[in-house]
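*Asks:*
Residue numbers (UniProt numbering): 1 to 337.
Here you go:
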C-alpha cells in the first residue's frame with residue numbers, strides 16, 4: 001500500500017479528525033488546510049481545522065470560517081485536540097511551529113500525520129510524508145487526492161485553496177522549487193474548475209491605502225543596499241508600523257520587492273512586532289541560500305531561497321548583527337568588466 005492510500009485509510013477509519021498548520025499563517029498553510037478539509041468532506045467524513053492565529057487580511061476572500069483559532073477560541077481548539085484520533089500536521093516539521101498549540105499537539109493521543117516540504121523533519125508524527133522537492137504542501141495535497149485514487153473528486157472548492165497555496169509558496173511560480181510536476185498539477189486544478197485569474201485578482205488587487213503608504217515609506221526611507229554583496233535590507237520599528245496603521249500581512253511583499261531590484265541577490269526584511277523582531281529572508285540561486293543564516297543565528301529556517309527567523313535584540317542591534325553576518329554568508333559581488 002502506498003503511503004497516500006494508507007493515509008486515506010486512516011481518514012476513513014477516524015472518528016474525529018483535526019487539521020493543523022503553523023503559526024503566522026500564509027497562503028500555503030491556509031490553502032493546504034482548507035483543500036484537505038474539503039477533500040475529507042467529499043469522502044463523507046468530518047474534520048476540524050485548528051490554527052494558532054489568524055490569516056492575513058488579504059486571504060479573507062477565501063471562506064476561512066471553518067478554521068478555529070487558538071487566539072480566539074482556545075476552549076474549542078483544546079476540545080478538538082482531546083477528541084482527535086487523527087491529527088494532520090500540514091506545512092510544518094517541528095512541534096514548536098504551532099505556537100500556543102504545542103502542548104496540545106504534544107499531549108494529544110491521536111495518530112499524527114505530517115505532510116510537509118521543509119528540510120529536516122522532526123520524528124514526532126506516526127506517519128511522515130516529507131517531500132522537499134515539492135513546490136508547496138498544497139501540491140502534496142493534490143498528490144494525496146490523486147494517489148489515493150480519488151482524482152475525480154478534485155473540484156473548484158477543493159482546488160482553489162490549493163492553487164492559492166502553490167501560487168504564494170512559489171512566489172507566483174518564480175522560485176526554483178517550480179518543476180514540470182508543478183505545472184502538471186496546476187493543469188489538473190484548472191481542469192477541475194479553478195478560476196486562476198480570480199485567485200490572482202483577489203490576492204493582488206486588494207491593497208489598502210495604509211499598506212501602500214507603508215510599503216512606499218519602507219522602500220523610499222528604510223531601504224539599505226550593501227552594494228559589495230548585492231544584499232538589500234529593510235528594517236521597520238513598531239513605531240513606524242503603527243504610524244501607517246499596520247495590519248498583519250502588510251509587509252509580506254517587501255522582501256520580494258527588494259529582491260526585484262536589479263543586481264540584488266539577497267533581500268532581508270525585519271519588523272518589530274509582538275515584542276520581537278520578525279525576519280524574512282529571500283534570495284536568488286542555490287549559491288545564495290538564506291536558510292542556514294536564519295537557522296544558525298535567528299532561531300529560524302525554511303527553504304534555501306525563502307526563510308524566516310526572529311531576534312530578541314533591538315531593531316538597531318539586529319540591523320548591526322545582520323550587517324556583520326552578511327560577509328560571512330555571502331561572497332562579494334564580482335565587479336562588472
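Using N, Cα and C, we set each Cβ at its ideal position, and we do this for glycine too.
Just so we're clear, the structure is a prediction, and the values are computed from it rather than from any experiment.
Are residue 343 and residue 42 closer than 7 Å when you measure CB to CB?
*Replies:* Not covered by the structure: residue 343. The range shown for the chain is 1 to 337.
*Asks:* How many angstroms separate the CA atom of residue 264 from the CA atom of residue 283?
*Replies:* Approximately 8 Å between the Cα atoms of the pair.
*Asks:* For residue 168, which residues from the same chain have a beta carbon less than 7 Å from its beta carbon, with the 5 sequence-adjacent residues on both sides left out?
*Replies:* So the list reads 26, 27, 28, once near-sequence residues are dropped.
*Asks:* Please confirm if the region 233-246 is in contact with the region 193-204, defined as three or more CB-CB distances below 8 Å between the two stretches.
*Replies:* Touching, no, given that fewer than three Cβ pairs across the two stretches are closer than 8 Å.
*Asks:* Can you tell me which residues form a DSSP beta bridge with residue 112?
*Replies:* In DSSP, residue 112 forms a bridge with 87.
*Asks:* State the CB to CB distance for the pair residue 53 and residue 23, rounded to an integer number of angstroms; the pair is presumed to be in contact (CB under 8 Å).
*Replies:* Contact flag correct, Cβ pair sits at about 6 Å.
*Asks:* If we ignore side chains and look at the alpha-carbon of each, how far apart do residue 336 and residue 233 end up?
*Replies:* Any reading at residue 336 needs caution, since the residue's pLDDT is 47, under 50, leaving its predicted position unreliable; the model's value is listed next. The straight-line gap from Cα to Cα measures roughly 22 Å.
*Asks:* Quick test of the definition: if touching needs 3 or more C-beta pairs under 8 Å, does the region 135-147 touch the region 28-39?
*Replies:* Output reads yes: the region 28-39 touches the region 135-147.
*Asks:* Thinking just about the alpha-carbon of each residue, which of 35, 105, 74, 110 is nearest to the one in residue 16?
*Replies:* Minimum Cα distance to residue 16 is reached at 110.
*Asks:* Helix, strand or coil: how does DSSP classify residue 297 here?
*Replies:* Residue 297 falls in the helix class under three-state DSSP.
*Asks:* Would residue 229 and residue 189 be called neighbours here (beta carbons separated by less than 7 Å)?
*Replies:* Against a cut-off of 7 Å, the Cβ pair of residue 189 and residue 229 comes out as no contact.
*Asks:* How is residue 238 classed by DSSP in three states: helix, strand or coil?
*Replies:* In the structure shown, residue 238 sits in a helix (DSSP, three-state: H, G or I).
*Asks:* Could you tell me the alpha carbon to alpha carbon distance between residue 315 and residue 271, rounded to whole angstroms?
*Replies:* Their Cα atoms are separated by approximately 8 Å.
*Asks:* Thinking C-alpha only, which one of 192, 220, 172 is nearest residue 157?
*Replies:* Of the candidates 192, 220, 172, the one whose C-alpha sits nearest the C-alpha of residue 157 is 192.
*Asks:* Could you check what DSSP says for residue 233 in three-state terms: helix, strand or coil?
*Replies:* Strand at residue 233.
*Asks:* With distance defined between alpha-carbon atoms, name the residue in 165, 172, 18 nearest to residue 83.
*Replies:* Looking at the Cα atoms, 18 is the closest of the given residues.
*Asks:* Excluding sequence positions up to five away, which residues of its chain have a Cβ less than 7 Å from the Cβ of residue 117?
*Replies:* Same-chain partners within the cutoff: 131, 132, 134, 136, 137, 140.
*Asks:* Between the Cα of residue 274 and those of 248, 303, 10, spot the shortest distance and give me the residue it belongs to.
*Replies:* Selected option, being the one with the closest Cα: 248.
*Asks:* Residue 10 to residue 71, Cα distance in whole Å?
*Replies:* Distance between the alpha carbons of residue 10 and residue 71 is about 29 Å.
*Asks:* Sort 61, 321, 255, 173 by Cα distance to residue 222 and report the nearest one.
*Replies:* The candidate whose alpha carbon is nearest that of residue 222 is 255.
*Asks:* How many whole angstroms separate the CB atoms of residue 37 and residue 66, which I take to be in contact at a CB cut-off of 8 Å?
*Replies:* Yes, residue 37 and residue 66 are in contact; Cβ-Cβ is about 6 Å, under 8 Å.
*Asks:* Using a 10 Å radius around the Cβ and a threshold of 16 neighbouring Cβ atoms, would you call residue 286 buried or exposed?
*Replies:* With fewer than 16 other Cβ atoms within 10 Å, it is exposed.
*Asks:* With distance defined between alpha-carbon atoms, name the residue in 257, 119, 39 nearest to residue 145.
*Replies:* Out of 257, 119, 39, 39 has the C-alpha closest to the C-alpha of residue 145.
*Asks:* Sorted by chain position, which residues of the same chain lie with C-beta nearer than 8 Å to residue 276's C-beta, five sequence neighbours on each side aside?
*Replies:* Counting only Cβ-Cβ distances below 8 Å, and skipping sequence neighbours, we find 310, 311, 312.
*Asks:* Does the distance between the C-beta of residue 27 and the nearest non-hydrogen atom of the ligand ATP fall short of 6 Å?
*Replies:* No copy of the ligand ATP appears in this structure; indeed no ligand is present at all.
*Asks:* Kindly provide the ranges of any beta strand (DSSP E) runs that are 3 or more residues long and lie completely inside the UniProt domain "DDH" (16-166), ordered along the chain.
*Replies:* Runs of the beta strand (DSSP E) inside the UniProt domain "DDH" (16-166): 17-20, 47-51, 67-69, 86-90, 111-116, 127-130.
*Asks:* Taking all protein chains shown into account, do 16 or more other C-beta atoms lie within 10 angstroms of the C-beta of residue 291, making it buried, or fewer, making it exposed?
*Replies:* The residue in question, residue 291, is buried, as its Cβ has 16 or more Cβ neighbours within 10 Å.
*Asks:* Assuming residue 114 and residue 96 are in contact, meaning their beta carbons sit under 8 Å apart, how far apart are those beta carbons, in whole angstroms?
*Replies:* Not really, about 14 Å apart at Cβ, beyond 8 Å.
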